[in-house]
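Under our numbering, the residues of the sequence shown are numbered 116 to 425, in order.
Even glycine gets a Cβ: it sits at the ideal position worked out from N, Cα and C.
First up is the structure itself, then whatever we jot down about it.
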Amino acid sequence: MENTLSVIIPIYNSELILPTLIDRLIPALEKITNTFEILLINDGSYDKSWQVVSELAKKNRQIIGFNLMRNYGQHNALLCGIRSAKNDLIITMDDDLQHPPEEIHKLIEKIHEGFDVVYGIPHRQVHERWRNFFSWFTKTVLSKTLGIKSIKSISAFRAIKRDLRKAFENFDSPNILIDALLTWGTNNFGTVEVNEEERSIGRSNYTFVKLFRIAMLVLTGFSTLPLRIASAIGFLFTLFGAGVLIYVVVKTFQEGSIPGFPFIASIISIFSGVQLFTLGIFGEYLARIFNRSMNHPAYVIGETTTKLSQ
Numbered sequence: 116m117e118n119t120l121s122v123i124i125p126i127y128n129s130e131l132i133l134p135t136l137i138d139r140l141i142p143a144l145e146k147i148t149n150t151f152e153i154l155l156i157n158d159g160s161y162d163k164s165w166q167v168v169s170e171l172a173k174k175n176r177q178i179i180g181f182n183l184m185r186n187y188g189q190h191n192a193l194l195c196g197i198r199s200a201k202n203d204l205i206i207t208m209d210d211d212l213q214h215p216p217e218e219i220h221k222l223i224e225k226i227h228e229g230f231d232v233v234y235g236i237p238h239r240q241v242h243e244r245w246r247n248f249f250s251w252f253t254k255t256v257l258s259k260t261l262g263i264k265s266i267k268s269i270s271a272f273r274a275i276k277r278d279l280r281k282a283f284e285n286f287d288s289p290n291i292l293i294d295a296l297l298t299w300g301t302n303n304f305g306t307v308e309v310n311e312e313e314r315s316i317g318r319s320n321y322t323f324v325k326l327f328r329i330a331m332l333v334l335t336g337f338s339t340l341p342l343r344i345a346s347a348i349g350f351l352f353t354l355f356g357a358g359v360l361i362y363v364v365v366k367t368f369q370e371g372s373i374p375g376f377p378f379i380a381s382i383i384s385i386f387s388g389v390q391l392f393t394l395g396i397f398g399e400y401l402a403r404i405f406n407r408s409m410n411h412p413a414y415v416i417g418e419t420t421t422k423l424s425q
């Protein structure tokens, strides 16, 4: 049975590299299948990326461009593409050519072994150490909170069966993590090693702040684990406080009094710190609930290079 592919690429400030990406992507896809589409989702770029996408779409009918009304985030743009895909298998990849188009066939071959989602894992990490650390942290937390061991190896280079989108077709929130949404439909994940290239043009759009936000989204957006941790910490310090009270009472009966402004001040500081930490966790969850109650859309399409099919 021939593969029919939808390749989804979120675009952000990539006007210089887009022509090269397409020049490599189309021949790679033609070796795999005769039926494919390339969905380029412009996520609020402030350069000429949309103009480049429009020109590419005019030259090739297999390219479809979506111009979002503002920058919503990579995962929001991916959700837009996943919901618009027409073909059976979906490939997601970055726009910077760090995911070589020539490696797509490895994802396809692996998913035909019976997996619902396959991640392309690089032989070696090509990013800075701090980014690799946040990547490892996010993947580890996601694995623990969702209870799926194989999801430790995740990347933006994925092959997905289109039917999985049924599991989150009604999901509508500005806080999106595609990998978490995929677990709503399956726990059948696979991985395959692929080559990953150095970014040849420009620099990564993921700053320390953005990666930290993703880590917080993983922690508080799709899990109650932090609340449980806060409860456990509160319980432990309650026991600690009870122990301190017993100690003070015993010492008072034995010695009459306990000298101890430093002692009291240190105890107050500890408990105040724990309370603020716990309130911070509650605040993160309240912020997520507030954002959901505002009914902000996950994305809004401003224009496309072709009419959307129903």
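Close-in-space but distant-in-sequence residues of the same chain around residue i (CB under 7 Å, 5 per side omitted)
i	result
residue 359	382
residue 346	none
Same chain, Cβ closer than 8 Å to residue i, five either side skipped, listed in chain order
i	result
residue 279	231, 232, 297, 300, 301
residue 348	389, 392, 393
residue 411	288, 289
residue 172	155, 178, 179, 180, 420, 421
residue 413	187, 191, 194, 195, 286, 287, 288, 289, 291
DSSP bridge partner residues for residue i (one or two, in chain order)
i	result
residue 276	204
residue 119	150
residue 157	126, 182
residue 385	For residue 385, which the question treats as bridged, DSSP gives no partner whatsoever.
residue 306	234
residue 353	According to DSSP, residue 353 bridges with nothing at all.
Contacting residues, own chain, Cβ-Cβ under 6 Å from residue i (five flanking each side not counted)
i	result
residue 139	216
residue 423	With a pLDDT of only 43 at residue 423, under the threshold of 50, the placement of this residue in the model should not be trusted; the figure read from the coordinates follows. Counting only Cβ-Cβ distances below 6 Å, and skipping sequence neighbours, we find nothing.
residue 129	164, 210
residue 275	205, 232
residue 303	230, 231
Cβ pair residue i, residue j closer than 7 Å
i	j	result
residue 221	residue 305	no
residue 197	residue 181	no
residue 159	residue 191	no
residue 193	residue 125	yes
residue 120	residue 204	yes
residue 199	residue 234	no
residue 118	residue 137	no
residue 133	residue 167	yes
residue 184	residue 398	no
residue 309	residue 218	yes
residue 141	residue 122	no
Local Cβ density within 10 Å of residue i, reported as buried at 16 or more and exposed below that
i	result
residue 425	No answer about residue 425 holds up, because its pLDDT of 35 lies below 50 and its placement is not dependable.
residue 415	exposed
residue 127	buried
residue 214	buried
residue 273	buried
residue 189	buried
residue 293	buried
residue 357	exposed
residue 364	exposed
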